[in-house]
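Residues 119 to 395 in the numbering used here are what the sequence shown lists, from first letter to last. Cβ coordinates follow ideal geometry from the N, Cα and C atoms, glycine included. Bear in mind that the values here come from a model prediction, so they are computed numbers and not experimental data.
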Amino acid sequence: MRIHICGVRGSTPSPGAEFARYGGHTSCVAIAHDGSSPSLVLDAGTGLRRLTTLLDGAPFSGSLLLGHLHWDHTQGLPFFRAGDRFDASVGLYMPEQGDAVEVLSRAMSPPHFPIEPTGLRGDWHFAGLDAGRYSIEGFDVLARDIPHKGGRTFGYRISDGPSAIAYLSDHGPSQLGPGPDGWGPYHETALELADGVDLLIHDAQHTAEELPAVAAFGHSAADYALRLGELAGAKEVVLFHHDPGRTDDAVDEMIASFEGRSPVVSGAAEGTTRDLG
């Protein structure tokens, strides 16, 4: 399984030289079977534009899984050139909350945008998913509800058999209470998704010191991500959904603060790939 990191920011894109190393695009991770083009994509932030480059002129044929419907996770949809062409074939799946096209159209339709989701070219299929286990693009996909303010939100566990990742891009566990460390409880759903994974890609928008003032926004402290990975037996924690104002140097400082801890901690960087298995 090959993991392509296409977008790493939360809330808004972050242009500028001080954000160039980790990247300024919003959330998007593309997954491929060994030796294949990416066919399963987690979230459709502005990082989705990078997938067109990865496909090197080929149309996209595969599935998009949205964790939730905030702008930073959907804004790439109408700018996904490999999917917006007549020979593309795209299944888009989102947490069930009514008619999928109608819900997406609340943000993507005139006067907010020139076209609705059904105006995308190619063979597009839109559907809602309930929490559960699915087989999508040859991957085993486990979808579970996780707390995040402002709409139904899923975390995902993706496995090809030998390898597995957990993707909790937007996770506000403090909505369930303070937990043992004050960052939110290490609740059953989060532990199930992260159990023994090779990579835990997790919301790290805040530091522990920042969290009390911003906990109502629905995101995690990086310290929570590391402790969850430790409790779940994850091999590596990848800090994700970087705050749009957190510079590359500040992300470096965050990662350095966890040096020597277990599991190993890294920062999600746009344009990087990881081969698992």
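Legend entry - Contacts around residue 336, its chain only, beta-carbon distance under 6 Å, and the 5 residues preceding and following it disregarded: Along the sequence shown, one-based indexing puts residue 336 at 218. Taken in chain order, the residues that qualify are 266, 267 and 290.
Inset, instruction - Assuming residue 388 and residue 124 form a contact by the criterion Cβ under 8 Å, report the distance between their Cβ atoms to the nearest whole angstrom. - result: Position 270 of the sequence shown, counting from 1, holds the residue named residue 388. Position 6 of the sequence shown, counting from 1, holds the residue named residue 124. That belief holds up - the Cβ atoms of residue 388 and residue 124 are roughly 7 Å apart, short of 8 Å.
Legend entry - At least three beta-carbon pairs within less than 8 Å, the segment 358-368 to the segment 125-137: A contact exists between the segment 358-368 and the segment 125-137.
Legend entry - Residues of its chain near residue 194, where Cβ-Cβ distance is below 7 Å and the 5 sequence neighbours each way are ignored: Position 76 of the sequence shown, counted from the first residue, corresponds to residue 194. Excluding five sequence positions before and after residue 194, the CB atoms of its chain that fall closer than 7 Å to its own CB belong to 146, 162, 163, 164, 165, 166 and 167, given in chain order.
Inset, instruction - Put residue 188 into one of helix, strand or coil per three-state DSSP. - result: Translated into positions along the sequence shown, residue 188 becomes position 70. Three-state DSSP puts residue 188 in coil, outside helix and strand.
Inset, instruction - Can you give me the start and stop residues for the alpha helix (DSSP H) that residue 377 sits inside? - result: Along the sequence shown, one-based indexing puts residue 377 at 259. Careful: residue 377 lies outside any alpha helix (DSSP H) and carries neither H nor E.
Legend entry - Distance, residue 176 Cα to residue 332 Cα: For the purposes of this step, residue 332 is identified with residue 214 of the sequence shown, where counting begins at 1. For the purposes of this step, residue 176 is identified with residue 58 of the sequence shown, where counting begins at 1. Computed Cα separation, rounded: 42 Å.
Legend entry - Residues sharing a beta bridge with residue 356, DSSP: Sequence index remark: in the sequence shown, residue 356 carries index 238 (1-based). 319 and 384.
Inset, instruction - Look at the alpha carbon of residue 303 and the alpha carbon of residue 240, and state the distance between them as a whole number of angstroms. - result: Residue mapping note: residue 303 aligns to position 185 of the sequence shown, counting from 1. Residue mapping note: residue 240 aligns to position 122 of the sequence shown, counting from 1. Within the model, the alpha-carbon separation for residue 303 versus residue 240 is close to 43 Å.
Legend entry - Test item: CB-CB of residue 260 and residue 251 under 8 Å: The sequence position of residue 260 within the sequence shown is 142, counting from 1. The sequence position of residue 251 within the sequence shown is 133, counting from 1. Yes. Within cutoff.
Legend entry - Option in 292, 253 and 358 with minimal Cα separation from residue 329: For the purposes of this step, residue 329 is taken as residue 211 along the sequence shown, with counting starting at 1. The residue with the shortest Cα to Cα distance from residue 329 is 292.
Inset, instruction - Output the residue ranges of the alpha helix (DSSP H) runs that lie fully inside the segment 206-263 and measure 4 residues or longer, sorted by chain position. - result: When DSSP assignments are scanned along the segment 206-263, the uninterrupted stretches of alpha helix (DSSP H) that are 4 or more residues long and fall wholly within it turn out to be 218-223.
Legend entry - With 16 other Cβ atoms within 10 Å as the buried cut-off, status of residue 324: Locating residue 324 in the sequence shown gives position 206, counting from the first residue. Result: buried.
Legend entry - Beta-carbon gap between residue 185 and residue 274 smaller than 8 Å: Numbered from its first residue, the sequence shown carries residue 185 at position 67. Numbered from its first residue, the sequence shown carries residue 274 at position 156. In contact: residue 185 and residue 274 (Cβ atoms closer than 8 Å).
Inset, instruction - Give a yes or no on contact between the segment 339-352 and the segment 306-325, applying the rule of three or more CB pairs nearer than 8 Å. - result: Short answer: they touch.
Legend entry - residue 393 in three-state terms, based on DSSP: Your numbering for residue 393 matches position 275 in the sequence shown. For residue 393, the secondary structure class from DSSP, reduced to helix, strand or coil, is strand.
Inset, instruction - Look up residue 292 in the DSSP assignment and say whether it is helix, strand or coil. - result: Against the sequence shown, residue 292 aligns to sequence position 174. In the structure shown, the three-state DSSP call for residue 292 is helix.
Legend entry - Collapsed DSSP secondary structure at residue 342 in the structure displayed: Reading the sequence shown from its first residue, position 224 is the one you call residue 342. When DSSP states are grouped into helix, strand and coil, residue 342 belongs to the helix group.
Legend entry - For residue 126, the three-state DSSP class (helix, strand or coil): Along the sequence shown, read from residue 1 onward, the residue named residue 126 stands at position 8. Residue 126 falls in the coil class under three-state DSSP.
Inset, instruction - Go through its chain and collect everything with a Cβ distance to residue 181's Cβ below 8 Å, but skip five positions before and after it. - result: As a first step, residue 181 must be located in the sequence shown, where it is residue number 63. The answer, listed in chain order, is 157, 158, 159, 208, 209, 210, 211, 254 and 255.
Inset, instruction - Would you grab the beta carbon distance between residue 376 and residue 346 for me? Rounded to a whole angstrom, and I think it's under 8 Å. - result: Position 258 of the sequence shown, counted from the first residue, corresponds to residue 376. Position 228 of the sequence shown, counted from the first residue, corresponds to residue 346. The C-beta separation of residue 376 from residue 346 comes to about 13 Å, leaving the pair out of contact by the 8 Å criterion.
Legend entry - N- and C-terminal bounds of the beta strand (DSSP E) containing residue 160: To locate residue 160, count along the sequence shown from 1; it is residue 42. For residue 160, the uninterrupted beta strand (DSSP E) run begins and ends at 158-160, by DSSP.
Inset, instruction - Return helix, strand or coil for residue 199, following the three-state DSSP convention. - result: For this step, residue 199 is matched to residue 81 along the sequence shown. Shown here, residue 199 sits in coil according to DSSP, grouped into three states, outside any helix or strand.
Inset, instruction - Give the DSSP bridge partners of residue 333, in chain order. - result: Taking the first residue of the sequence shown as position 1, residue 333 is located at position 215. Residue 333 is not bridged to any residue.
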